[in-house]
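The next block holds one structure in the form of structure tokens; read it before the comments.
Number of protein chains: 2
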Amino acid sequence: MYTNLVDINKNMRFSTKAEYGLKAMTNLAQCYPAQKTIGEIASQENISQKYLERLMGILRNGEVVQSSKGKQGGYVLSKDPKKIPVGEIIELLDGDIAPMRCVGKFCSSEHKCPSSVVWNKLGVQIKKTLYGMKLSDLIKN
Amino acid sequence: MYTNLVDINKNMRFSTKAEYGLKAMTNLAQCYPAQKTIGEIASQENISQKYLERLMGILRNGEVVQSSKGKQGGYVLSKDPKKIPVGEIIELLDGDIAPMRCVGKFCSSEHKCPSSVVWNKLGVQIKKTLYGMKLSDLIKN
DNA sequence: TATCATCATAGTACCTTAGTAAGAAGGAGG
DNA sequence: CCTCCTTCTTACTAAGGTACTATGATGATA
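Protein sequences, first through last, are from chains U and E. Just so we're aligned: the first sequence equals residues 2 to 142 in the working numbering. Just so we're aligned: the second sequence equals residues 2 to 142 in the working numbering.
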């Protein structure tokens, strides 16, 4: 009864973009400041190379990695892993973190619905958690 | 450049199920312990009545509301709003809160990927926040 | 100029969301 | 008993997003 509506939930999850991107970034962090090709990262992290190419493009636009083309090309982190917050990577790939749209006539700035309190409080908590963690916190050694 | 992949983000959001359900629950909390019909709630909160019927069914199965059929029928909260955590309502409607699937060979229990630290830490934070808020915290007076 | 890497667009199958449509089930009042 | 009025349930649908694949352009190095 009604279970089909809830059985497989995909809400309040990050996409594989965030997952793959974070894996690629931690992989690069482990060899920082050396560079690596997408092919190497993809096979080590078991990610589709073609898909990862697109994700790395986003991260490059976001200036957390730098690329060089051609033979001997590849990717490097553009900063020390200690200075790259996990939240920055995730927001680049998954967009702004906001747990509810909260638009429309019952959630405008004039008339706040009671539940908007929940979404605002939660949004702050999530960002605090994700920006408090740095890439360097995710690698061993 | 790649922007179409990120422009409109729907990840890390709750669905309208959670939004509507929470609105309906706060609406019921405001008249607790009196009852109300779905029709009243739907028009006051500007939600499709037919859709809300389904959502209320889920909440009834989750035993946060009680219903009575027939003429003079309607819905009541099954507990005092002080005793109903916001997280319970949201998990009933949106399913278990877990920010990443983390399955597959790189995220099994034997071989934890570095980024699983992020998802676990975040999941704990989100639950703590949502279960710390009660329905009674969302209503004025 | 051949090779090897990044960079970019287009297209696809599958799935979820957010509903609508149609009606069955059941209690209250006449 | 009958008819309202409510809840309850299943089935269906359009729109849109995810997670890719396919195909190739661009550009640096040897």
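Ideal placement from N, C-alpha and C gives every residue a C-beta, glycine not left out. Given the structure is predicted, the values throughout are model-derived calculations rather than measurements.
Residue i versus chain U: which residues are under 8 Å apart at the beta carbon?
{"i": "E:Lys122", "result": "Thr130, Met134"}
Among the options, whose alpha-carbon lies nearest the alpha-carbon of residue i?
{"i": "E:Arg55", "options": "E:Leu93, E:Ala99, E:Trp120, E:Cys32", "result": "E:Leu93"}
{"i": "E:Cys32", "options": "E:Ser79, E:Ile91, E:Ala99, E:Leu123", "result": "E:Ser79"}
{"i": "E:Lys122", "options": "U:Val65, U:Lys129, U:Glu89, U:Gly96", "result": "U:Lys129"}
{"i": "E:Tyr132", "options": "E:Ser69, E:Asp97, E:Lys72", "result": "E:Asp97"}
{"i": "E:Lys135", "options": "E:Asp95, E:Val77, E:Pro82", "result": "E:Pro82"}
{"i": "U:Lys72", "options": "U:Ile91, U:Gly40, U:Ala99", "result": "U:Gly40"}
{"i": "U:Asn28", "options": "U:Cys114, U:Ser16, U:Asn47", "result": "U:Asn47"}
{"i": "E:Ser49", "options": "E:Cys114, E:Lys141, E:Thr17", "result": "E:Thr17"}
{"i": "E:Phe15", "options": "U:Ala99, U:Lys141, U:Lys51", "result": "U:Ala99"}
{"i": "E:Lys37", "options": "E:Tyr52, E:Leu53, E:Lys51, E:Val77", "result": "E:Val77"}
{"i": "U:Lys141", "options": "E:Asp95, E:Pro86, E:Cys114", "result": "E:Cys114"}
Answer yes or no: do residue i and residue j have a C-beta to C-beta separation smaller than 8 Å?
{"i": "E:Met101", "j": "U:Glu20", "result": "yes"}
{"i": "E:Lys24", "j": "U:Ser44", "result": "no"}
{"i": "E:Val66", "j": "E:Met57", "result": "yes"}
{"i": "U:Leu60", "j": "U:Gly22", "result": "yes"}
{"i": "U:Ala35", "j": "U:Ser137", "result": "no"}
{"i": "U:Val118", "j": "E:Leu139", "result": "yes"}
{"i": "E:Gly63", "j": "E:Ser69", "result": "no"}
{"i": "E:Ile127", "j": "U:Ile127", "result": "yes"}
For the beta strand (DSSP E) containing residue i, list its first residue and its last residue.
{"i": "E:Gln67", "result": "66-69"}
{"i": "U:Leu123", "result": "No beta strand (DSSP E) holds U:Leu123; the alpha helix (DSSP H) holding it covers 117-133."}
{"i": "U:Leu78", "result": "75-78"}
What in chain E is Cβ-close to residue i, meaning under 7 Å?
{"i": "U:Lys24", "result": "Cys114, Ser116"}
Starting from the beta carbon of residue i, find every residue of chain U whose beta carbon is closer than 7 Å, and list them in chain order.
{"i": "E:Thr27", "result": "Pro115, Ser116"}
{"i": "E:Pro100", "result": "Met13, Arg14, Phe15"}
{"i": "E:Glu20", "result": "Met101, Ser116"}
Identify the contact partners of residue i in chain U, using a Cβ-Cβ distance below 9 Å as the criterion.
{"i": "E:Glu89", "result": "By Cβ distance, chain U contributes nothing, its closest Cβ being about 12 Å from E:Glu89, past 9 Å."}
{"i": "E:Ile140", "result": "Pro115"}
Taking 7 Å as the cut-off, is the CB of residue i close to at least one heavy atom of the ligand SAM?
{"i": "U:Pro82", "result": "Annotation note on the ligand SAM: not contained in the displayed structure, which lists no ligands."}
Ends of the alpha helix (DSSP H) at residue i?
{"i": "U:Tyr21", "result": "17-32"}
{"i": "E:Ser137", "result": "Unbroken run through E:Ser137: none, as it is neither H nor E."}
{"i": "E:Ile91", "result": "87-95"}
{"i": "E:Met57", "result": "50-62"}
{"i": "U:Ala43", "result": "39-46"}
Just the chain E side, please: which residues come within less than 8 Å of residue i by C-beta, in chain order?
{"i": "U:Ile39", "result": "What U:Ile39 touches in chain E: nothing, since even the nearest Cβ is about 14 Å away."}
{"i": "U:Ile127", "result": "Met13, Leu123, Gln126, Ile127"}
Between the segment 60-80 of chain U and chain E, which residues of the former have CB atoms less than 8 Å from a CB of the latter, in chain order?
Asn62
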